[in-house]
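In our numbering, the protein residues as written are 107 to 1070.
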């Protein structure tokens, strides 16, 4: 058995085959079994598969994902030979490597068996393989048993047995060990006996502090003594915890070694460093006797607060909330003979005098501590220097007013820079909170969320009580999160915020999703008390129907499980809260928001729709912050902006300003606003198909005068006189049913009503809502009404209403019964239909369910009758506005002749007459250049040669049926 040496090459393929170059396929045919010898004496079996990749003759291509499972590294050298006479596998037993993979195998067992041969053909006992259930979902399995012999070839009739995993291992446990963060975990308070034992068992116990900038103290006390010294730190009296000890002279020694724990590093791929980096610096401790009371009570937190100079934040790239340890107390034995000053060439002449001035000024208030090789700034002109001491073994020194005169100074040229903290957070440039005091319920949500965070983070026994903020797309959820973040991350609260944009995580593999979220949690634990912001949570944790199990639904459920487990496991006993945003709270997965039991998000808040007053206040605020506004009637625009969200108003403002800039104007005028508004499409209508009602209004509809009057009262009056209807004690009627014989203009009048009243039209054909899947029809009805609310003011028009809302109890499948029940709850349920008029049309009202016609639902039933002689004349005039008649045409005579004709029949008469005129004209002139005239004879012939859609007897029968 001869072997050859190959080099491992990683491929992006999604199978368990190994691939070779085209030249090597002559020695190793496709689907043949090969044996691979590793350097550690292990043996693996593969099948040769086809490849679309260009490989060298010495390369063995393997899927990178599968190679990681087998612990193979790229460019490793392996020995390979071909294996002949491999027997067929009759029975195969496999088990998932974790509980989540086993759940996927159970749910999609049939799909796994059907696609298994596409991913692997040679199996060997105790060798792992990967099964790709979909292009975005895979499971790792172990081959437990191969019968009759191992290795073997899989066949179509091979029996596949799936066993539960012998060792449950979730995705979460595969991450880095959290033991490095044990010092940051919140702990149970010690009893008195334990505290006394710990206090006397060690002379000095290291203590963890949370770093805050010294400016927070200055905002309260003003100027603080010794605050200008770079290496002085301030803590509270009660945070000493036995740290200070007295020297032989009876004085308190306040010199400490401070260990700065650098925040954990996260790579671009989402991997976090296992070991924490620690930097050391010597500091002088100053105790604040009367510590000011902050709104966040850090006394209930395990971490004491330390205030330090900004230079520590800059040089160690720290953020507010970073952790430090007062590790050990130092003796003042650091006398030096000379100081070497390192600085840039431009500061060589002035740096010595500036350092002497700094020392003389601060020595008046007490001893000054200096650290070697620590860059610090001496003045406001960015004069930066670093120091070295003689003897060179000294890493720090303490100077007072006596010994600063004895020390020699030497200036040496060297490039010295203060490291700028690139991760310093940027805040919103203008104060959006001003407008939130007046607009909608933003102020209430803002205050409630801030209060919940403050109270929950003050508790000694901490529990995760997350917050979820819901609202339409563009309603300002992300802006509201920024306002909360800006307030609570500033003094005096100083909470740390981790922002997770869930929209960018959509489509990621489950491992990548878990790893990235884990990194955010680790940072939140380090900086705690913290808040994790999950923006657009429904992007990765959307709701799926239980009855329908698809590959996508399995991925969503597993993603939701991972998010829930990560938050519950790692945030328990830590001072960390969660705020999530979504468009609709009902669309959050049940793993995050279960109907019963423990949930991650406890406090729901909803951003309500803006009313006209809110829109006017916000529009004035936006224009005043961005440009000069000419005399513009903003109320005229806001009255037509029903359904607009905050993003729409921001876009409208920006486009109006852009229009003014294009024309070179310094102010925005009404002309600019008109140009923008005429072509403006709000966010709420981006996913809604509003039907065009054409160019016909009520003036183009002949007859039906009573119908048009009632529709104007129902549709137009509430928009023209909103103040009257807003103060009305009764609920506004918003449901209208148009019924009558076919062809009387029910559908036409609906489109004309939308045009006449300047309303959007959402037209629904009844059968398109019906589905064979359980619950799909009801969901379609709910979505239609939700879209109508987003597009208000609008007309929701149901054509052929009887086709999906018949009497209940007559449908053997029960589909239409459930649709009718859903319609009843939508028409007069708890949720208001303000701004939405439901207009339905049917030619068989006797087939409708009676519950739909009671007051409060479709309470206005308008009969559209056959036209009489006067109505037929009006219809003919309306239809013939663009028709070319001869001088002898008498429409009154035609209207009298067309007895029993409906509006549709009259339109057919005109079409027939027009075709007859065209045929006659083409008989005389084959090159017809203009539209021929329709004569009286053409119209009479059209009536003679046609018949109405309903005869006299059928019409009488139909009218008797409608009057019952």
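Quick reminder that beta carbons are idealized off the backbone N, C-alpha and C, glycines included.
For residue 588, the enclosing alpha helix (DSSP H) begins and ends at 583-594. Here residue 550 carries a helix assignment [DSSP, helix/strand/coil]. If only uninterrupted beta strand (DSSP E) runs of at least 3 residues are considered, those enclosed by the region 868-945 are 900-905. Distances from the CA of residue 1026 to each of 1015, 1017, 1016, 1038 were compared; the closest alpha carbon is that of 1038. Rounded to whole angstroms, the separation of the alpha carbons of residue 616 and residue 491 is 49 Å.
Selection 369, 185, 136, 1052 evaluated against residue 146 yields 185 as nearest (Cα-Cα). Within the same chain, 683 come within 6 Å of residue 559 by CB-CB distance, once the 5 residues on both sides are set aside. Taking every protein chain shown into account, the CB of residue 604 has 16 or more other CB atoms within 10 angstroms, so this residue is buried. Residue 412: member of the beta strand (DSSP E) spanning 410-414, first to last residue. Straight-line measurement puts the Cα of residue 782 at about 30 Å from the Cα of residue 854. Beta-bridge partners of residue 668 (DSSP): none assigned. DSSP places residue 824 within a helical segment (H, G or I) once states are collapsed to three. If you look at residue 722, you'll find it in the alpha helix (DSSP H) that goes 718-732. The Cβ neighbour count for residue 267, taken over all protein chains shown within 10 Å, is under 16; the residue is labelled exposed. With 16 or more other Cβ atoms from the protein chains shown falling within 10 Å of its own Cβ, residue 932 counts as buried. The beta carbon of residue 514 lies closer than 6 Å to those of 444 in the same chain, with the five residues before and after it left out. With a beta-carbon spacing of about 12 Å, residue 475 and residue 414 fall beyond the 8 Å limit used to define contacts. Taking the Cβ atoms as the reference, residue 676 lies roughly 38 Å from residue 482, outside the contact range of under 8 Å.
Within a 10 Å sphere around the beta-carbon of residue 331 sit fewer than 16 other beta-carbons, which makes this residue exposed. Counting only the Cα atoms, residue 716 lies some 12 Å from residue 898. Where residue 113 is concerned, there is no enclosing alpha helix (DSSP H), although the beta strand (DSSP E) around it starts and stops at 110-117. Under a 10 Å Cβ-count criterion, residue 1008 is classified as buried, with 16 or more other Cβ atoms of the shown protein chains found around its own Cβ. With 16 or more other Cβ atoms from the protein chains shown falling within 10 Å of its own Cβ, residue 432 counts as buried. In this structure, residue 122 places its C-beta atom within 8 Å of the C-beta atom of residue 226. Fewer than three beta-carbon pairs drawn from the region 952-961 and the region 770-790 are found closer than 8 Å, and the two stretches are therefore not classed as touching. Inclusion of residue 132 and residue 165 in the CB contact set at 8 Å is not warranted, their separation being larger than that value.
By the 16-neighbour rule on beta-carbons within 10 angstroms, residue 327 is exposed. Contact holds between the region 744-759 and the region 889-908, because three or more Cβ pairs, one in each stretch, are under 8 Å apart.
Per DSSP, the continuous beta strand (DSSP E) segment holding residue 967 begins and ends at 966-969.
Annotated three-state conformation of residue 253 is strand, per DSSP. A direct Cα-Cα distance of roughly 14 Å separates residue 687 from residue 714. In the structure shown, residue 709 adopts extended strand secondary structure according to DSSP, grouped into three states. A contact is defined here as three or more CB-CB pairs under 8 Å, and the region 191-209 meets this definition with respect to the region 242-262. Straight across, the Cα-Cα distance linking residue 754 with residue 789 is about 6 Å.
For residue 187, the secondary structure class from DSSP, reduced to helix, strand or coil, is strand. Nearest in C-alpha terms to residue 578, of all of 693, 550, 600, is 693.
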